[in-house]
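Below is one structure, written out as structure tokens, with a few remarks after it.
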Amino acid sequence: MTPRARVEVIDKEIGQRLREFRFAAGMTQQQLATPIGVSSVQIQKYERGENRIAVATLVHLCKALNLSPMDFLGPYFEAMEPTDSADSQTTETAKHVEHPSSPQHKLREGRGTRHWLKKPRRR
1 MTPRARVEVI DKEIGQRLRE FRFAAGMTQQ QLATPIGVSS VQIQKYERGE
51 NRIAVATLVH LCKALNLSPM DFLGPYFEAM EPTDSADSQT TETAKHVEHP
101 SSPQHKLREG RGTRHWLKKP RRR
């Protein structure tokens with residue numbers, strides 16, 4: 001199976017889940033479409049797997065259906081098991097790494113104080 005075919009299969013599976021969740025919530029396509037700002041035709045295309053659901057749209061769908069994104073995506077991650085101790089070691093190391101946008105990292109890199117060090121403009 002080609003990578004493109006695998007993506008299309010996933011799009012269809014997520015669309016099927018959307019349809020099942022919508023039915024379980026007792027909602028029509030229009031009732032689901034309105035709060036997320038799309039048309040009922042767009043919901044239909046999502047459910048058929050004809051259009052890919054963007055992450056932001058998935059978040060809005062989850063809010064409208066009172067679900068977690070993992071309700072849609074969980075099955076793809078449940079099958080993933082750590083292959084060896086390197087995975088758990090990587091996870092443990094990642095806990096101690098500062099994100100580059102964190103205030104602590106910026107200060108350590110000298111980027112958090114630059115606006116204080118600039119000389120005032122002459123007029």
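Residue numbers (full-length UniProt numbering): 1 to 123.
Ideal Cβ positions, reconstructed from N, Cα and C, are used throughout, including at glycine.
Predicted model only: the values in this text are computed from it and were never measured.
Positions of the alpha helix (DSSP H) runs, each at least 4 residues long and wholly inside the segment 6-73, are given as 29-36, 40-48, 55-65 in order along the chain. The Cβ atoms of residue 32 and residue 22 lie closer than 7 Å to each other. The C-alpha of residue 57 is placed about 17 Å away from the C-alpha of residue 28. In this structure residue 15 is in contact with residue 49, their Cβ atoms being roughly 4 Å apart against a cut-off of 8 Å. Distances from the CA of residue 59 to each of 51, 41, 69 were compared; the closest alpha carbon is that of 69. Ranked by Cα distance from residue 65, the options 34, 25, 46 are led by 25. Take residue 62, set aside five residues on each side of it, and the residues of its chain with a beta-carbon closer than 8 Å to its own are 68, 69, 71, 72, in chain order. Shown here for residue 52: same chain residues with a beta carbon closer than 7 Å to its own, the five before and five after excluded, namely 11 in chain order. Counting only residues of its own chain and dropping the five nearest sequence neighbours on each side, residue 44 has a CB closer than 7 Å to the CB of 29.
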